[in-house]
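Residue 100 is where the sequence shown starts when you use this note's numbering, and the numbers rise one by one after that.
Backbone N, C-alpha and C define an ideal beta-carbon position, used for all residues, glycine too.
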Amino acid sequence: MTELFVNVLSRLRWCFRAGSLRSFQSLILIIGFAAVSAMAQNQSPQRPAEITLRGTVLDVANHAVGGAAVTLAQKDVAGSTQTTTGADGAFAFAHLRPGSYTLRAAKPGSRSRMVTVSVSTGDQPQPIQLILQPSSAADHSSSSASPANPSASSADAMEFADQPNFAVAGVTDWTAVGGHGADISLRTSEALTRETLTLRPEDADSSAGSSGAAHVSEESLRAQLAKAPHSYAANHRLGMFCLRAARYREAIPLLDAASRIDPANQENGYDLALALEGAGDLSQAQEQVRRMLAMHDSADLHRLSGELDEKQGDPLNAVHELEHAARLDPSEQNDFEWGSELLLHRAVWQAQEVFRKGAEAYPKSARMLTGLGTALFASGLYDQAAVRICAASDLNPEDPAPYTFLNKIESAAPVPLSCAEPKLARFLEEQPNNALASYFYAMAIWKRRAPRHDPQASQQVESLLTKAVTLDPHCGDAWLQLGTLSFDQGNLQKAIGFYSKAVEADPQIVEAYYRLGVAYDRTGDAAKAKKEFELHEELEKKQAAAIEQQRREVKQFQIVQRNQTAAPKAH
């Protein structure tokens with residue numbers, strides 16, 4: 100540009116000397132061209148620097164690994180990009196847009212842990228090191244991923260290249276579910292889902308008192324706080340004592356004081372959110388979680404945020420938060436919570452996918468297998484469901500939870516399930532004084548051997564049911580089945596007595612009223628029969644209305660496949 104203006108100045112001197120009009124016209128054209136060029140140069144946009152993510156794949160001995168597949172995916176964007184490392188173990192992904200990415204490497208027999216990295220305009224991210232480890236040695240701990248320290252990131256339990264191919268696009272009312280809850284399988288599925296949501300990891304109790312304040316007396320903690328009212332430690336310890344005792348209102352001001360003393364402390368901030376949640380202050384708890392997420396991205400915080408969203412009636416955001424938590428830290432807890440949220444909102448096939456991968460990653464997790472069994476049952480795959488529940492019972496034979504699930508599945512299935520009876524027999528053998536063990540095994544025998552036509556089976560079932568009600572007189576279901584057994588044997592008076600015991604033990608057993616009415620009708624007592632039939636009809640309508648209301652309150656997820664257009668959201 101400088102040369103152009105020098106040339107213009109030279110022509111100007113010549114024009115003045117020559118006095119030529121045509122020369123002046125040429126000069127004007129040159130000056131105009133120079134001005135336009137200057138404006139174009141000054142106004143042309145500066146192209147942003149291209150964002151490139153580089154790194155190296157190493158083995159555990161710190162040697163470069165060539166030929167490793169490196170997969171990159173951007174958060175909330177379907178699909179992924181893959182490249183292969185060179186002989187020096189190096190890889191690069193160019194032309195990246197600003198955002199958050201997950202990165203991992205794999206080679207037959209080995210894989211790296213997943214790393215999360217954020218890239219922004221104008222900044223070149225630091226080189227990443229991915230360490231390949233034998234697949235069997237994958238560490239599923241709850242540590243968080245960090246580009247600066249990839250060895251500390253949590254293992255990618257779900258193969259990233261094999262990530263679920265679905266997305267939750269919206270929610271809708273659940274209105275087409277069989278009409279008034281008459282379907283036994285559907286009701287069983289709903290009951291199994293509710294019980295699945297309550298399952299806890301086996302180490303939950305042992306971790307509850309991990310803090311040093313767990314075994315310190317309240318008096319001592321209050322004395323420490325009185326001596327140092329502005330101490331973070333004193334406020335936090337007493338706040339945690341109250342939190343563990345479920346005294347949430349007392350815990351909140353103490354944890355809040357500790358938070359004001361040390362706002363950056365993640366442990367205390369998380370505990371404060373838990374206290375607010377326990378006290379029912381859900382919006383304040385959510386606000387506390389958001390403040391913490393603004394300072395530090397954490398899988399635990401996203402999981403808690405999802406739990407709070409679900410409680411506040413926003414399941415769509417809840418499932419996204421729980422999926423995000425599982426992506427950041429594919430731990431047993433995060434995968435289970437994500438699968439449970441999908442199951443709760445009737446995305447049963449998608450829940451199967453999450454639970455199945457979770458069960459492969461955590462083969463010692465009984466609740467993951469139970470969740471998978473529940474999802475399979477909801478799809479009508481009764482045999483497959485029973486196999487998973489039976490496997491869960493093998494992990495801890497003393498735990499009654501899998502046997503409870505197994506009994507419900509066996510009762511609702513159209514035919515006996517092959518693995519159910521042996522497992523329920525083991526439950527009784529190991530816990531002979533457990534009323535439920537006797538009842539569950541009795542029902543398994545009943546289903547397989549039809550006591551009505553098998554005197555030996557009838558005697559065995561009656562003995563087991565009698566034992567159940569002896570151990571627990573409030574076992575209404577056992578009383579009901581004793582009545583049915585007596586009715587089938589033609590002993591109506593005995594049946595009436597058992598049915599009456601069932602109603603007394605559990606007034607909510609609808610079937611007991613109906614069967615009692617039938618028994619009275621067979622004995623010719625029409626008045627009592629009519630009364631029982633009326634009670635049955637009244638209670639059945641009441642329970643059906645309650646179930647229908649529960650179903651309407653639970654929104655159903657609308658699912659789309661990856662790379663497909665999402666359906667309009669309905670609320």
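Whose C-alpha, out of R343, R346, L353, is nearest the C-alpha of L324? As a working mapping, residue 324 is identified with position 225 in the sequence shown. The shortest Cα separation from L324 among R343, R346, L353 belongs to L353.
Unbroken alpha helix (DSSP H) run spanning R293, endpoints: The residue you call residue 293 lines up with position 194 of the sequence shown. It spans 283-296 - the alpha helix (DSSP H) in which R293 sits, taken as one unbroken run.
Rounded straight-line distance, which links the Cα of S562 to that of R651: As a first step, residue 651 must be located in the sequence shown, where it is residue number 552. As a first step, residue 562 must be located in the sequence shown, where it is residue number 463. Going from the Cα of R651 to the Cα of S562 covers about 43 Å.
Between the segment 432-444 and the segment 628-648, do at least 3 Cβ pairs fall closer than 8 Å? With a cut-off of 8 Å, the segment 628-648 and the segment 432-444 do not count as touching, because too few Cβ pairs lie within range.
According to DSSP, is G405 helix, strand or coil? Start at 1 with the first residue of the sequence shown, and residue 405 comes out as number 306. Reduced to three states, the DSSP call for G405 is helix.
Sequence-distant residues of its chain with Cβ nearer than 8 Å to K507 (five each side left out): As a first step, residue 507 is located in the sequence shown; it is residue number 408 there, counting from the start. Closer than 8 Å at Cβ, skipping near neighbours: T287, A290, L291.
Would you mind working out which of N590, V156, V560 sits nearest A577, comparing C-alpha positions? For the purposes of this step, residue 577 is taken as the residue at position 478 of the sequence shown. Proximity to A577 across N590, V156, V560 peaks at V560, based on C-alpha coordinates.
DSSP state of T155 mapped onto helix, strand, coil: Reading the sequence shown from its first residue, position 56 is the one you call residue 155. Strand, per DSSP.
Assess contact between the segment 392-412 and the segment 358-370, defined as three or more Cβ pairs (one per stretch) separated by less than 8 Å. Is contact present? Segments in contact, yes.
In angstroms, rounded to a whole number, what distance separates the CA positions of A512 and G472? Here residue 512 is taken as the residue at index 413 of the sequence shown, counted from 1. Here residue 472 is taken as the residue at index 373 of the sequence shown, counted from 1. Looking at the two C-alpha atoms, the distance is approximately 13 Å.
Which residues mark the beginning and the end of the alpha helix (DSSP H) in which R650 is found? The sequence position of residue 650 within the sequence shown is 551, counting from 1. Taken as a continuous stretch (DSSP letters only), the alpha helix (DSSP H) holding R650 covers 625-652.
Nearer than 7 Å: is that true of the beta carbon of V609 relative to any heavy atom of the ligand FMN? No copy of the ligand FMN occurs in the structure displayed, which carries no ligand at all.
From A378, G379, G377, A372, pick the residue whose C-alpha is nearest to that of R389; which is it? Against the sequence shown, residue 389 aligns to sequence position 290. R389 has its Cα closest to that of A372, out of A378, G379, G377, A372.
Using 8 Å as the cut-off, can you tell me whether the segment 217-231 makes contact with the segment 194-208, which would need three or more C-beta pairs spanning the two stretches below that distance? These segments touch.
How big is the Cα-Cα spacing for M257 and K456? Counting from one through the sequence shown, the residue named residue 257 turns up at place 158. Counting from one through the sequence shown, the residue named residue 456 turns up at place 357. At M257, the pLDDT of 46 sits below 50, so the modelled position is not reliable; the number obtained from the coordinates is stated separately. Separation of M257 and K456 (C-alpha to C-alpha, rounded to the nearest whole angstrom) is 6 Å.
Could you give the distance in angstroms between the alpha-carbon of G308 and the alpha-carbon of H335? As a working note, residue 308 is residue 209 in the sequence shown. As a working note, residue 335 is residue 236 in the sequence shown. Note that G308 scores a pLDDT of 41, beneath 50, so its modelled location is shaky; the value from the coordinates is reported in the next line. Cα atoms of G308 and H335: separation of roughly 14 Å, rounded to the nearest angstrom.
Between which residues of its own chain and K174 is the CB-CB distance below 6 Å, once the five residues before and five after are set aside? The residue you call residue 174 lines up with position 75 of the sequence shown. Excluding sequence neighbours, K174 sits near S199.
Here's the rule: buried if 16 or more other CB atoms are within 10 angstroms of the residue's CB, otherwise exposed. What is I488? If you number the sequence shown from 1, residue 488 lands on position 389. It is buried - the Cβ of I488 has at least 16 other Cβ atoms within 10 Å.
I'd like the span of the alpha helix (DSSP H) that includes Q655, first residue to last. Position 556 of the sequence shown, counted from the start, is the residue given in the question as residue 655. Where Q655 is concerned, there is no enclosing alpha helix (DSSP H), although the beta strand (DSSP E) it sits in stretches over 655-660.
Applying the criterion that 16 or more other CB atoms from any shown protein chain within 10 Å of the CB defines a buried residue, is K629 buried or exposed? Along the sequence shown, one-based indexing puts residue 629 at 530. K629 is classed as exposed because its beta carbon has fewer than 16 other beta carbons within 10 Å across all chains shown.
Identified DSSP bridge partners for R203: Translated into the one-based positions of the sequence shown, residue 203 becomes position 104. Answer is T170, bridged to R203.
What's the gap between the Cα of Q383 and the Cα of L441? Along the sequence shown, one-based indexing puts residue 383 at 284. Along the sequence shown, one-based indexing puts residue 441 at 342. In a straight line, the C-alpha of Q383 is about 26 Å away from that of L441.
Where V267 sits in the DSSP three-state scheme: Position 168 of the sequence shown holds residue 267. Strand at V267.
Helix, strand or coil: which one does DSSP assign to T220? For the purposes of this step, residue 220 is taken as the residue at position 121 of the sequence shown. Three-state result, T220: coil.
CA-to-CA distance, A191 to T183, given in whole angstroms: Translated into positions along the sequence shown, residue 183 becomes position 84. Translated into positions along the sequence shown, residue 191 becomes position 92. Taken atom to atom, the span from the alpha-carbon of T183 to that of A191 is near 9 Å.
Among the candidates K654, G470, T569, R614, whose CA atom is the shortest distance from the CA of T583? Numbered from its first residue, the sequence shown carries residue 583 at position 484. Considering only alpha carbons, the answer is R614.
H419 (DSSP reduced to helix, strand or coil): On the sequence shown, position 320 is the one that residue 419 refers to. In the structure shown, H419 sits in a helix (DSSP, three-state: H, G or I).
For L320, which residues of its own chain have a beta-carbon under 7 Å away from its beta-carbon, when the five flanking residues on both sides are left out? Locating residue 320 in the sequence shown gives position 221, counting from the first residue. Excluding residues within five positions, the ones whose Cβ falls inside 7 Å are A312, R336, L337, F340.
Looking at A491 and T469, is the spacing between their C-beta atoms short of 8 Å? Here residue 469 refers to the residue found at position 370 of the sequence shown. Here residue 491 refers to the residue found at position 392 of the sequence shown. The criterion of a C-beta distance shorter than 8 Å is satisfied by T469 and A491.
Based on Cα-Cα distance, which residue from L443, E636, A450, P499 lies nearest to A465? Mapped onto the sequence shown, residue 465 falls at position 366. Among L443, E636, A450, P499, the Cα nearest to that of A465 belongs to P499.
Does P414 pass the burial test, meaning 16 or more other C-beta atoms within 10 Å, or should it be called exposed? Residue 414 sits at position 315 when you count from the first residue of the sequence shown. Residue burial annotation: P414 is buried, with at least 16 other C-beta atoms found within 10 angstroms of its C-beta.
Could you please give me the residues that DSSP links to L229 through a beta bridge? Residue numbering aside, residue 229 sits at position 130 when the sequence shown is read from its first letter. BP columns for L229 point to V156.
Residue closest to R343, alpha-carbon to alpha-carbon, out of N495, G405, P362, S316: For the purposes of this step, residue 343 is taken as the residue at position 244 of the sequence shown. Comparing Cα positions, the closest option is S316.
Give a yes or no on whether the C-beta atoms belonging to F597 and R445 are separated by under 8 Å. Locating residue 597 in the sequence shown gives position 498, counting from the first residue. Locating residue 445 in the sequence shown gives position 346, counting from the first residue. It is not a contact, given that the beta carbons lie outside the stated cut-off.
In its own chain, which residues sit with a C-beta less than 6 Å from the C-beta of I360, not counting the 5 before and 5 after it? Numbered from its first residue, the sequence shown carries residue 360 at position 261. Taken in chain order, the residues that qualify are Y331.
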